[in-house]
Amino acid sequence: MTRHLILGTGVAGVAAVEAIRGVDANAEIVLLGDDPFGYYSRPGLAYYLTGEMMEKNLFPFATPDFQKLNIRYVKGGATKILPNEKIVELDSKSRLAYDRLLIAVGAQAVRLTVPGAELEGVVKIDHMSDARHILQLTKKTRRAVVVGGGITALELVEGLISQRVNVTYLLRGDRYWSNVLDEQESRIVEKRLKEEGVELIYHAELIEVLGKRGRVNGVKLLDGRTLRCDMLAYAIGIQPRVELAKEAGLAVDKGILVNEHLQTNDPNIFAAGDVAQAYDPLTGRSIIDSLWGPAREQGRVAGLNMAGRKTAYLKSPPFNVTRLAGLTTTIIGTVGRGRDDDLVGIARGDSETFRSLPDAIAAQSGFDVNRLRLLVGEKYLLGAIVMGDQTLSLPLQKIIAGHADISSIREKLLARDAKIADVVADFWREWAGGQVVA
Amino acid sequence: MALRDLFRPESARHKASSAGQVTPDSARCVQCGICSFNCPIGIDVRRHAWTGEAVVNSRCLTCGECVARCPRGVLRFERTDLFAEAAQ
Ligand SMILES: Cc1cc2nc3c(=O)[nH]c(=O)nc-3n(C[C@H](O)[C@H](O)[C@H](O)COP(=O)(O)OP(=O)(O)OC[C@H]3O[C@@H](n4cnc5c(N)ncnc54)[C@H](O)[C@@H]3O)c2cc1C
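Here the protein sequences come in this chain order: A and B.
In this text, residue positions in the first sequence follow the numbering used here: the first is 1143, and each later residue adds one.
In this text, residue positions in the second sequence follow the numbering used here: the first is 4, and each later residue adds one.
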């Protein structure tokens, strides 16, 4: 009987457990995790902060779901992997033996290092305990300053505003998330934030957190300004937890290096999720994804391989869905900076564009702002951003991932005042229909 | 606009469609559970989004609450005859 040991109760770990159990009813599976809350939706923490969700509803699995999987759940943290002995050491000096090991310990928020970062009231959002802590503090917080340029920082802003805290949001550059969004998209998000009372400060670089009696009472910026606040919330990046693997002598770059079977350079040890840097046979590069969907898929594939079903992990084109200041936003393929010159970007922002869409692909709609941006290559669509109305989101996902030849509609798309949403919808109907018929 | 409203897709039109069934796109789902939490009759929509199975439940009102509230646009109404129609 094979002994499987899974480190980490995140989505990668849970998906691996499901996959192993799916093909081997008898294997011994031990799940080891140090988060006292076990498996919950980390992305859902953002909606716990806004008050849309209660804590108890963030758990996708109930006890019977785990019972059905017939595993042994051990609460605790791994402190050392001994690959030669096939042993994992725990905090308490107890040890667990394995035949196959999965490292799925995720990534953690990069810590703020400016002076004053240790003061009470300096917060991040990484785990359930962080969300709880923030919600406790908001009761006595009047003004918070938020730093960080991406999605998580924005979720902090939204959460704090929802808790009736006044928010000042510091941006390093001249607009929000400039390496992914175009200028108009950034402005849409910023305008909506301002309407909610968020104060935005551009070109702001935090250099110190100020405090009194151990608590935050302000921040200092590089240009000499000081701002009064009683909370500083930050989301300035994440870093994979690679220490265990490194110490065990496994190959590590930014993440734990794994081949297309999610296997490390030790054939009995696998890695998946935010901690893994997976080899992509299509591009020949090793990539860290840091997203829920890929973490789940990697966990599943690692589990299958651990259980002896050789399966390759096929990376899908970049794909991310998020909510930016209330607007569901899907980001597909190449949309950011640094793209080829023969790529043409076209965008439509008026809601008119979406009105004549067919009902047959009814998805989320009715937003007050809608915007569609396409990145058109010579023969293919290379990327898209869909903000608001999501009707075209799934078709575009398929068209881009399926490398549909769009030569026949390229001219139409690039024509002045083209109704690009309609052109895409017509194309999709024909293409999807053709695929089914063929 | 009331405080907080902006951050919720509640303004999104509820689109009831008796002709369709709620179908998840699992790749978009982050298991937050807003769908299950808001289902008026307690269907565990999140579990459907995990397994990828459409909500084929005779109790489903197709009220559109889950479709509208999902922060990730995971759910849609899919007419069962979509492809037949598209193929024509
Ligand atoms: C606020 C927030 C919002 C997010 N929003 C999105 C989003 O909208 N879309 C998206 O795709 N992704 C989002 N993410 C990222 C997503 O949550 C992660 O990509 C995903 O959770 C990764 O899963 P994982 O299983 O690899 O790691 P994790 O979920 O981090 O799980 C790792 C587990 O391992 C445990 N662990 C760590 N060290 C040890 C040890 N030594 N011993 C035992 N256990 C250990 C940890 O406690 C943790 O439970 C968000 C994350 C956060 C925090």
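Cβ coordinates follow ideal geometry from the N, Cα and C atoms, glycine included.
Practice task
Can you grab the Cα-Cα spacing for the pair LEU1517 of chain A / GLU1332 of chain A, in whole Å?
Solution key: Numbered from its first residue, the first sequence carries residue 1517 of chain A at position 375. Numbered from its first residue, the first sequence carries residue 1332 of chain A at position 190. Whole-angstrom Cα-Cα distance: 23 Å.
Handout entry: Element boundaries [beta strand (DSSP E), containing GLN1381 of chain A]
Key = Walking along the first sequence from the start, residue 1381 of chain A turns up at place 239. Element bounds for GLN1381 of chain A: 1380-1382.
Exercise for the section: Going by CA-CA distance only, name the one from A:TYR1421, A:ASN1308, A:LEU1469, A:PRO1206 that's closest to ARG72 of chain B. Expected result: Translated into positions along the second sequence, residue 72 of chain B becomes position 69. Among A:TYR1421, A:ASN1308, A:LEU1469, A:PRO1206, the Cα nearest to that of ARG72 of chain B belongs to A:LEU1469.
Practice task
Please compile the residues from chain B whose C-beta is within a distance smaller than 9 Å of the C-beta of PRO1185 of chain A.
Solution key: Within the first sequence, the letter at position 43 stands for residue 1185 of chain A. The contacting residues are VAL33, GLN34, CYS35, PRO74, ARG75.
Handout entry: Beta-carbon proximity check, CYS63 of chain B vs VAL33 of chain B, cutoff 8 Å
Key = Along the second sequence, one-based indexing puts residue 63 of chain B at 60. Along the second sequence, one-based indexing puts residue 33 of chain B at 30. No, these two residues do not count as a Cβ contact at 8 Å.
Problem - Closest by C-alpha distance to GLY1530 of chain A, when choosing among A:ARG1145, A:THR1294, A:GLU1327 - result: Within the first sequence, residue 1530 of chain A is the residue found at index 388, counting from 1. The shortest C-alpha separation from GLY1530 of chain A is found at A:GLU1327.
Problem - Collapsed DSSP secondary structure at ASP1324 of chain A in the structure displayed - result: Residue 1324 of chain A sits at position 182 when you count from the first residue of the first sequence. In this structure, ASP1324 of chain A counts as coil in the three-state DSSP scheme.
Handout entry: DSSP state of LYS1388 of chain A mapped onto helix, strand, coil
Key = Here residue 1388 of chain A refers to the residue found at position 246 when the first sequence is read from its first residue. Correct three-state label for LYS1388 of chain A: helix.
Exercise for the section: Can you tell me which of A:ASN1321, A:VAL1288, A:GLN1381, A:LYS1354 puts its alpha carbon nearest to the alpha carbon of LEU1335 of chain A? Expected result: On the first sequence, residue 1335 of chain A is found 193 positions in, with the first residue counted as 1. When A:ASN1321, A:VAL1288, A:GLN1381, A:LYS1354 are compared, the shortest CA-CA separation from LEU1335 of chain A is found for A:VAL1288.
Exercise for the section: Give a single yes or no on whether LEU1211 of chain A has its beta carbon closer than 7 Å to a heavy atom of ligand 1. Expected result: Sequence index remark: in the first sequence, residue 1211 of chain A carries index 69 (1-based). False, no ligand heavy atom lies under 7 Å from that Cβ.
Problem - Nearest-angstrom Cα separation, counted from GLN1532 of chain A out to THR1471 of chain A - result: As a working mapping, residue 1471 of chain A is identified with position 329 in the first sequence. As a working mapping, residue 1532 of chain A is identified with position 390 in the first sequence. Roughly 8 Å separates the two Cα atoms.
Exercise for the section: Please confirm whether any heavy atom of ligand 1 lies closer than 7 Å to the CB of ILE1229 of chain A. Expected result: As a position in the first sequence, residue 1229 of chain A is number 87, starting the count at 1. Result no, Cβ not under 7 Å from ligand 1.
Handout entry: Burial state of GLU1338 of chain A, where buried means 16 or more other Cβ atoms lie within 10 Å
Key = The sequence position of residue 1338 of chain A within the first sequence is 196, counting from 1. Under this definition GLU1338 of chain A is a buried residue.
Problem - Integer-rounded CB distance, given that PRO1459 of chain A should sit under 8 Å from ALA1574 of chain A - result: If you number the first sequence from 1, residue 1574 of chain A lands on position 432. If you number the first sequence from 1, residue 1459 of chain A lands on position 317. Not quite, the Cβ-Cβ distance comes to about 18 Å (not below 8 Å), so this is no contact.
Practice task
Report yes if the CB atom of VAL1247 of chain A is closer than 8 Å to the CB atom of ARG1383 of chain A, and no otherwise.
Solution key: By one-based count along the first sequence, residue 1247 of chain A stands at place 105. By one-based count along the first sequence, residue 1383 of chain A stands at place 241. Taking 8 Å as the cut-off, the beta carbon of VAL1247 of chain A is found closer than this to the beta carbon of ARG1383 of chain A.
Practice task
Indicate the three-state DSSP secondary structure (helix, strand or coil) for TYR1421 of chain A in the structure shown.
Solution key: Taking the first residue of the first sequence as 1, we reach residue 1421 of chain A at position 279. Three-state result, TYR1421 of chain A: strand.
Exercise for the section: Apply the 10 Å Cβ neighbour rule to ASP1395 of chain A and answer buried if 16 or more other Cβ atoms are within range, or exposed otherwise. Expected result: As a first step, residue 1395 of chain A must be located in the first sequence, where it is residue number 253. Burial call: exposed.
Exercise for the section: Just list the alpha helix (DSSP H) runs in the stretch 41-91 of chain B, keeping only unbroken ones of 4 residues or longer that don't cross its boundaries, in chain order. Expected result: 48-54, 68-72, 85-90
Problem - Buried or exposed (CB count within 10 angstroms, at least 16 for buried), ILE1349 of chain A - result: Counting from one through the first sequence, the residue named residue 1349 of chain A turns up at place 207. Classification of ILE1349 of chain A: exposed, given that the 10 Å Cβ count is below 16.
Exercise for the section: Please go through the same chain and pick out, in chain order, the residues whose beta-carbon is closer than 6 Å to the beta-carbon of ALA1414 of chain A, but skip the five residues on each side of it. Expected result: If you number the first sequence from 1, residue 1414 of chain A lands on position 272. Only ALA1154, ALA1246, LEU1404, GLN1440, GLY1441, ALA1444 meet the Cβ criterion.
Handout entry: Residue from A:VAL1216, A:GLY1435, A:ASP1233 with nearest C-alpha to ILE1223 of chain A
Key = Your numbering for residue 1223 of chain A matches position 81 in the first sequence. Here the closest residue by C-alpha is A:ASP1233.
Exercise for the section: Within the same chain, show all residues whose beta-carbon is closer than 6 Å to that of VAL1463 of chain A, passing over the 5 residues directly before and after it, in chain order. Expected result: Here residue 1463 of chain A refers to the residue found at position 321 of the first sequence. These residues qualify, in order along the chain: THR1472.
Practice task
Count the other C-beta atoms from every protein chain shown that fall within 10 angstroms of the C-beta of THR1406 of chain A, then say buried if there are 16 or more, exposed otherwise.
Solution key: Here residue 1406 of chain A refers to the residue found at position 264 when the first sequence is read from its first residue. Classification of THR1406 of chain A: buried, given that the 10 Å Cβ count is 16 or more.
Practice task
Could you name the residues of the same chain whose beta carbon sits closer than 7 Å to that of GLY1397 of chain A, not counting the 5 residues immediately before and after it, in chain order?
Solution key: Against the first sequence, residue 1397 of chain A aligns to sequence position 255. Cβ neighbours of GLY1397 of chain A beyond the five flanking positions: PRO1382, VAL1384, VAL1417, ALA1418, GLN1419, ILE1430.
Exercise for the section: Would you check if the distance between the CB atom of SER1607 of chain A and the CB atom of GLY76 of chain B is smaller than 8 Å? Expected result: Look at the range of chain A in this structure, 1143 to 1580, and you will see that residue 1607 of chain A is not part of it.
Exercise for the section: Run the proximity test for LEU1187 of chain A: is its beta-carbon closer than 7 Å to any non-hydrogen atom belonging to ligand 1? Expected result: If you number the first sequence from 1, residue 1187 of chain A lands on position 45. Checking the Cβ of LEU1187 of chain A against ligand 1 gives yes.
Problem - Which of helix, strand or coil DSSP assigns to THR1280 of chain A - result: Within the first sequence, numbered from 1, the residue matching residue 1280 of chain A stands at position 138. Looking at THR1280 of chain A - three-state DSSP - the assignment turns out to be helix.
Problem - Secondary structure of LEU1516 of chain A, DSSP reduced to three states - result: Translated into positions along the first sequence, residue 1516 of chain A becomes position 374. Strand.
Handout entry: Heavy atom of ligand 1 within 7 Å of ILE1267 of chain A beta-carbon
Key = To locate residue 1267 of chain A, count along the first sequence from 1; it is residue 125. Answer for ILE1267 of chain A: yes, Cβ within range of ligand 1.
Practice task
To the nearest angstrom, report how far apart GLU1402 of chain A and ILE1162 of chain A are at their CA atoms.
Solution key: Translated into positions along the first sequence, residue 1402 of chain A becomes position 260. Translated into positions along the first sequence, residue 1162 of chain A becomes position 20. Between GLU1402 of chain A and ILE1162 of chain A, the C-alpha separation is close to 18 Å.
Practice task
Please find out if some non-hydrogen atom of ligand 1 comes closer than 7 Å to the beta-carbon of LEU1313 of chain A.
Solution key: Counting from 1 along the first sequence, the entry for residue 1313 of chain A is found at position 171. It does not: the Cβ of LEU1313 of chain A is nowhere closer than 7 Å to a heavy atom of ligand 1.
Exercise for the section: Just mark GLN1209 of chain A as buried or exposed, buried being the case when its beta carbon has 16 or more other beta carbons within 10 Å. Expected result: By 1-based counting over the first sequence, the position of residue 1209 of chain A is 67. Its Cβ having fewer than 16 others within 10 Å, GLN1209 of chain A is exposed.
Exercise for the section: Compare the C-beta of ALA30 of chain B against all C-beta atoms of chain A and say whether one is closer than 8 Å. Expected result: For this step, residue 30 of chain B is matched to residue 27 along the second sequence. It does; some Cβ of chain A falls within 8 Å.
Handout entry: Exposure label - LYS1266 of chain A; buried when at least 16 CB within 10 Å
Key = Here residue 1266 of chain A refers to the residue found at position 124 of the first sequence. Answer is buried; the Cβ neighbour count reaches 16.
Practice task
Please list, in chain order, all residues of the same chain as ALA1546 of chain A whose beta carbon is under 6 Å from its beta carbon, the five residues on each side excluded.
Solution key: Here residue 1546 of chain A refers to the residue found at position 404 of the first sequence. Closer than 6 Å at Cβ, skipping near neighbours: TRP1573.
Problem - CB contact flag (LEU1277 of chain A, ALA1377 of chain A, <8 Å) - result: The sequence position of residue 1277 of chain A within the first sequence is 135, counting from 1. The sequence position of residue 1377 of chain A within the first sequence is 235, counting from 1. No, Cβ-Cβ distance for LEU1277 of chain A and ALA1377 of chain A is not below 8 Å.
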